[in-house]
């Protein structure tokens, strides 16, 4: 592998009921999707604790995408609203500490939106490629 | 809006006045016991004691110079498994009251049978300074209290930037800021009003003079606050600066264990789930050119910010407990001010309502990112 070229590692936390199904749909309809994604399936986007995201981030993921059902469409009625608040909170903390909050992203993709899933993933991958590697990986040894 | 309060004389000193109030309350049966700080036998600290006899109250020091244990933690210890049958009253600093209110919103404290009383807080002396020279510190605190000095430099740094020193939803409040010889005792809740009624204390004094002086002090503290936040920015902005600031962290997690808001029975960062294998760590060290121990110093702090900053009351206990003098309290105060602003929340200042992560609005936070915005056109069919 060419070591000088940066290939980002992106982790996607996808909600079981909407976005994971959309990812499935995108795959089965043979849509072209960025191969940089590692997908983790969670039962609901609100299940994602801040520690999961921080562990991912501080262990060197270049980007993190959280995706769930559209507002109003949550399988558990209101999980995605809570997810949005949690996301806003962590994003705010990262912004205050200037920890490159752009690397953390939230999006809504419903089960029928295979095409949209591909768009969101490709767009996010492109953005992370432009951002470059996560500085955590080169941070001081302390 | 002006309120009416009870005029109280401060001739005998605030401490005596408060003691008398509690003794009277016990006598008339408005509460059955009180929790007050009592100086420990070694004379170098204070402890919260639950008591119901007048002699012990005489030994208590309702307004102690230090805050060794955050009062909310004492209330948590008392009511963690339900509130019992007796009515308990306590007097605490504003930050302790606010922390207790936050904990009650998080179902960790039961305030049903607790009467909260607060006072205009001149600040607290840092524990480290106090236990080295207790007598000296005691004297300078009592002078600050008697002289109504709310900008004393012997106090904790976060006390100097505390804009809520006289603002808490306590049932009763002893105000004296900017008043000459008297103070004012007023109620903030139905519970408080009922107590004043039972004790036959007449609310005849207008609180406007007190309020004005509080606002003046508050303004000055707000200015200090902006300055301190500005000075803390270069220490925490950017990964490198953050690492420099926390490089000396010894990973004792004292900041977490003294924090009144951090209530988890087991912290994720103390659990084995957060620990990694030797293979993984050696690999990481190889890739990065070296890794430091203890691990996860910054992740721990950022994790704590995400978990508790919405309820942070800036009491400064974390900084008091830090053995290596990292300015944790200033950092958390700064981060918390920002996160609480996002949700237009001010931790502990109102007794009703829920913590931000327990509630939501259907249409909110639209500005947080464009990827969400892209989803909006489809929003109409999803409402």
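Protein chains in written order, with our numbering: chain A, 1 to 142; chain B, 1001 to 1383.
Note that the Cβ used here is the ideal one computed from N, Cα and C, for glycine as well.
Residue 1047 of chain B: member of the beta strand (DSSP E) spanning 1046 to 1051, first to last residue.
Taking all protein chains shown into account, residue 1102 of chain B has 16 or more neighbouring C-beta atoms within 10 Å of its C-beta and is therefore buried. For residue 1307 of chain B, a Cβ of chain A is located within less than 8 Å of the residue's own Cβ. By a beta-carbon distance limit of 8 Å, residue 47 of chain A does not contact residue 20 of chain A. Their separation comes to about 13 Å. For residue 1051 of chain B and residue 1083 of chain B, the gap between their C-alpha atoms comes out near 16 Å. The beta carbons of residue 139 of chain A and residue 1357 of chain B sit about 29 Å from each other, so the pair does not count as a contact at 8 Å. Note that the C-beta distance between residue 54 of chain A and residue 1342 of chain B is not below 8 Å. For residue 1097 of chain B, same chain residues with a beta-carbon under 6 Å away, outside a window of 5 residues either side, are 1116, 1118, 1168 and 1170 in chain order.
Residue 1250 of chain B has its alpha-carbon roughly 11 Å from the corresponding atom of residue 1325 of chain B.
Sequence-distant Cβ neighbours of residue 1067 of chain B in its own chain, meaning closer than 6 Å and more than five residues away, are 1124. With contacts defined by Cβ atoms closer than 8 Å, residue 1206 of chain B and residue 1010 of chain B do not form a contacting pair. At a C-beta separation below 8 Å, residue 1289 of chain B has these neighbours in chain A: 141. Under the Cβ criterion (8 Å, minimum of three pairs), the stretch 1261 to 1268 of chain B does not count as touching the stretch 60 to 72 of chain A. Counting only residues of its own chain and dropping the five nearest sequence neighbours on each side, residue 1090 of chain B has a CB closer than 6 Å to the CB of 1035.
Per DSSP, the continuous beta strand (DSSP E) segment holding residue 1182 of chain B begins and ends at 1182 to 1187.
C-alpha of residue 1312 of chain B to C-alpha of residue 1002 of chain B: approximately 29 Å in a straight line. Burial state of residue 1271 of chain B is exposed, judged by a 10 Å Cβ sphere holding fewer than 16 other Cβ atoms.
Between residue 1172 of chain B and residue 1187 of chain B a beta carbon distance of about 6 Å is seen, short of the 8 Å cut, so the two are scored as contacting. Here DSSP, grouped into helix, strand and coil, assigns residue 56 of chain A to helix. Check the Cα spacing between residue 1190 of chain B and each of B/1159, B/1351 and B/1008: the tightest is with B/1351. Around the beta-carbon of residue 1245 of chain B, 16 or more other beta-carbon atoms lie within 10 Å, marking it buried.
For residue 1307 of chain B, the enclosing alpha helix (DSSP H) stretches over residues 1297 to 1308. With fewer than 16 other beta carbons inside 10 angstroms of its own, residue 1280 of chain B counts as exposed.
Under a criterion of Cβ atoms nearer than 9 Å, the residues of chain A adjacent to residue 1240 of chain B are, in order, 135, 139 and 140. In its chain, beyond the 5 residues on either side, 15, 17, 18, 75, 80, 108 and 110 have a beta carbon closer than 7 Å to the beta carbon of residue 69 of chain A.
One thing to note: residue 1334 of chain B has its Cβ within 8 Å of the Cβ of residue 1232 of chain B. For residue 1209 of chain B, the nearest beta carbon of chain A is not closer than 8 Å to its own beta carbon. In this chain, residue 1291 of chain B is not harboured by any alpha helix (DSSP H), its DSSP state being neither H nor E.
Residue state for residue 1236 of chain B is assigned as helix, using DSSP reduced to three classes. A distance below 7 Å between beta-carbons, with the five flanking residues on each side excluded, links residue 1131 of chain B to the following residues of its chain, in chain order: 1044 and 1045. When rounded, the separation of the alpha-carbon atoms in residue 1364 of chain B and residue 1353 of chain B is 18 Å. Bridge partners of residue 1008 of chain B according to DSSP: B/1183. Counted as a single uninterrupted DSSP element, the alpha helix (DSSP H) harbouring residue 1332 of chain B occupies residues 1328 to 1342.
A Cβ-Cβ separation of about 6 Å places residue 1017 of chain B in contact with residue 1008 of chain B under the 8 Å criterion. Sorting A/136, A/142, A/132 and A/103 by C-alpha distance to the C-alpha of residue 4 of chain A places A/132 at the top. The beta carbon of residue 14 of chain A does not come within 8 Å of any beta carbon belonging to chain B, so the residue lies off that interface.
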